[in-house]
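Working notes, beginning with the structure itself.
2 protein chains.
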Amino acid sequence: MIGGAGYHSGRIPARSERAAMTERRDPINPTDDAARALARDLVAGARFAALGVLDPETGAPVVSRVALALDEGGCPVTLISDLAAHARALAADPRAGLLVGEPGAKGDPLTHPRMSIAVLAETVDRGGPDHARLRGLWLKRHPKAKLYVDFGDFRFVRLRPTGAALNGGFGRAYRLTPEDLAARDGRIGPP
Amino acid sequence: MIGGAGYHSGRIPARSERAAMTERRDPINPTDDAARALARDLVAGARFAALGVLDPETGAPVVSRVALALDEGGCPVTLISDLAAHARALAADPRAGLLVGEPGAKGDPLTHPRMSIAVLAETVDRGGPDHARLRGLWLKRHPKAKLYVDFGDFRFVRLRPTGAALNGGFGRAYRLTPEDLAARDGRIGPP
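Just so you know, the sequences run in chain order A and B.
Going letter by letter, the first sequence gives residues 0 to 190 in numbering that gives the first Met the number 0.
Going letter by letter, the second sequence gives residues 0 to 190 in numbering that gives the first Met the number 0.
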């Protein structure tokens, strides 16, 4: 299902645009290079995101805020404590949703570009070389995390995209594949 | 499950706090008036939120950004198009998750207070007096919405809280009931 209307925006919809949307009913544009570039910028620029997981007791969606970085391949990574509710949720069901593209304090957050990414969570073993590499990348982006990154209950979790819905503002809705999100100098998505 | 660790924060955890958390394992504080007041402020101040819904095809969580206002009783309300993916999702399963407490452009979003609210969505009939009242409240808070509020595919949706997890920063995690969220001059939650 993933995909927004691209419609619920502050910009004035021209009469012709409105007519086109009413006729089409599915306001999704064909994915082009500009959409791919915007999508990559949103992921690369996201120091934080909203993470949606499934409550393991009820199956209902629960949204919390997480910090974000990219691994060497451009895949989003977060650092979470085993004590956190979303860690327990991801252990029970690795399917999650990310929202990237935080609006600043100014302007209209509904006209600010944002992207809903469907992801699968993969917990990284604390003992392995992968953890050490991610620790280095993480501390470059989140220097204050040095205060807790080495606590035994914190683990890195890769969030592998399986699809995304980009909303760049009115009339600018796109669906993207993991390949669309793949950066020129790396990749996002399955290996 | 709803509840965050209150732990993943930029403030330096004192050694005694860390020891207390390791012993307790469940870093949730007893709910007090200060927590209730902070929770109400977060809801009242939220012009926007991240909304988590269930993909009707796969059951996976999907997070998007929505605009928010409060009804006369203090219950969060959003305005969404039938064309939006989250509208179709809520029609299939009204259980949703809200994240309120958007950080500004400055500072550390993980130390900024935020709250995960479990909600049930109730769509408001466009033809009724309830719609007209909400339309007035909505336009006070979101004046630009006058451009699309009267389009036939837009509807108000009440998001009735069933519980919440407040994260006010390190060591400040609380679980709240709909009654805790009830404002002095109104209410949030079931009637």
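Note that the Cβ used here is the ideal one computed from N, Cα and C, for glycine as well.
From a predicted model like this one, the values you see are computed outputs, not experimental measurements.
If you draw a straight line from the C-alpha of residue i to the C-alpha of residue j, how long is it?
i                : j                : result
Leu133 (chain B) : Phe155 (chain B) : 7 Å
Gly167 (chain A) : Gly100 (chain A) : 10 Å
Leu158 (chain A) : Lys139 (chain A) : 19 Å
Gly72 (chain B)  : Pro26 (chain A)  : 35 Å
Ala86 (chain B)  : Gly51 (chain B)  : 11 Å
Met20 (chain A)  : Thr122 (chain B) : Because Met20 (chain A) carries a pLDDT of 49, less than 50, the predicted location of this residue cannot be relied on, and no value is offered for it.
Pro55 (chain A)  : Leu146 (chain A) : 30 Å
Asp124 (chain B) : Leu165 (chain A) : 29 Å
Leu136 (chain B) : Thr110 (chain A) : 21 Å
Leu97 (chain B)  : Ser115 (chain B) : 6 Å
Asp32 (chain B)  : Thr176 (chain B) : 13 Å
Ala95 (chain A)  : Ala181 (chain A) : 19 Å
Gly162 (chain A) : Ala117 (chain A) : 5 Å
Arg148 (chain B) : His141 (chain B) : Reading off the sequence shown, one finds Val at residue 148 (chain B), where the question assumed Arg. If you take the alpha carbons of Val148 (chain B) and His141 (chain B), they lie about 10 Å apart.
Ala68 (chain B)  : Thr77 (chain B)  : 6 Å
Arg171 (chain B) : Leu41 (chain A)  : 30 Å
Glu178 (chain A) : Pro112 (chain A) : 20 Å
Gly127 (chain B) : Gly151 (chain B) : 14 Å
Ala43 (chain B)  : Ser80 (chain B)  : 23 Å
Pro194 (chain A) : Ala90 (chain B)  : An answer regarding residue 194 (chain A) cannot be provided, because it is not within the stretch 0 to 190 covered by chain A.
Pro60 (chain A)  : Ala131 (chain A) : 32 Å
Thr30 (chain A)  : Ala45 (chain A)  : 21 Å
His75 (chain A)  : Asp129 (chain B) : It is worth fixing the name first, because residue 75 (chain A) is Pro in this sequence and not His. Rounded to the nearest angstrom, the two C-alpha atoms are 43 Å apart.
Pro93 (chain A)  : Ala84 (chain A)  : 13 Å
Tyr173 (chain B) : Ala144 (chain A) : 23 Å
Thr57 (chain A)  : Asn28 (chain A)  : 35 Å
Gly82 (chain B)  : Arg35 (chain B)  : In the sequence under discussion, the amino acid at residue 82 (chain B) is Leu, which differs from the Gly named in the question. Rounded to the nearest angstrom, the two C-alpha atoms are 36 Å apart.
Asp70 (chain B)  : Phe47 (chain B)  : 15 Å
Ala120 (chain B) : Leu37 (chain A)  : 32 Å
Arg23 (chain B)  : Arg64 (chain B)  : Note on Arg23 (chain B): pLDDT 40, under 50, position unreliable in the model; no value is reported.
Pro102 (chain A) : Phe169 (chain B) : 24 Å
Phe153 (chain B) : Ala88 (chain A)  : 33 Å
Val62 (chain B)  : Pro160 (chain A) : 14 Å
Ala66 (chain B)  : Ala49 (chain A)  : 15 Å
Arg39 (chain A)  : Arg39 (chain B)  : 36 Å
Leu53 (chain A)  : Leu53 (chain B)  : 9 Å
Per DSSP, which one or two residues make a beta bridge with residue i?
i                : result
Thr77 (chain B)  : B:Val156
Leu89 (chain A)  : Paired residues: none, contrary to the question.
Pro60 (chain A)  : A:Leu53
Gly162 (chain A) : A:Ala117
Tyr147 (chain B) : None; Tyr147 (chain B) has no bridge partner.
Gly96 (chain B)  : B:Gly51, B:Ala117
Leu82 (chain A)  : In the DSSP output, where bridge partners are listed per residue, Leu82 (chain A) has none listed.
Ala66 (chain B)  : B:Phe47
Ala172 (chain B) : B:Asn166
Thr122 (chain A) : A:Val156
Would you say the beta carbon of residue i comes nearer than 6 Å to a heavy atom of the ligand COA?
i                : result
Asp149 (chain A) : As presented, the structure is devoid of all ligands, the ligand COA included, so that no description of it is given.
Using a Cβ cut-off of 7 Å, pull out every chain A residue sitting near residue i, in sequence order please.
i               : result
Gly51 (chain B) : Gly51, Pro60, Val61, Val62, Gly96
Ala66 (chain B) : Leu109
Identify the contact partners of residue i in chain A, using a Cβ-Cβ distance below 8 Å as the criterion.
i               : result
Phe47 (chain B) : Pro102, Pro108, Leu109
Pro75 (chain B) : None at all; the shortest Cβ gap to chain A is about 13 Å.
Open item on the list: Taking beta-carbon pairs under 7 Å, can you tell me which members of the region 109-143 of chain B lie near chain C?
Closed with: The structure shown contains no chain C; its protein chains are A and B.
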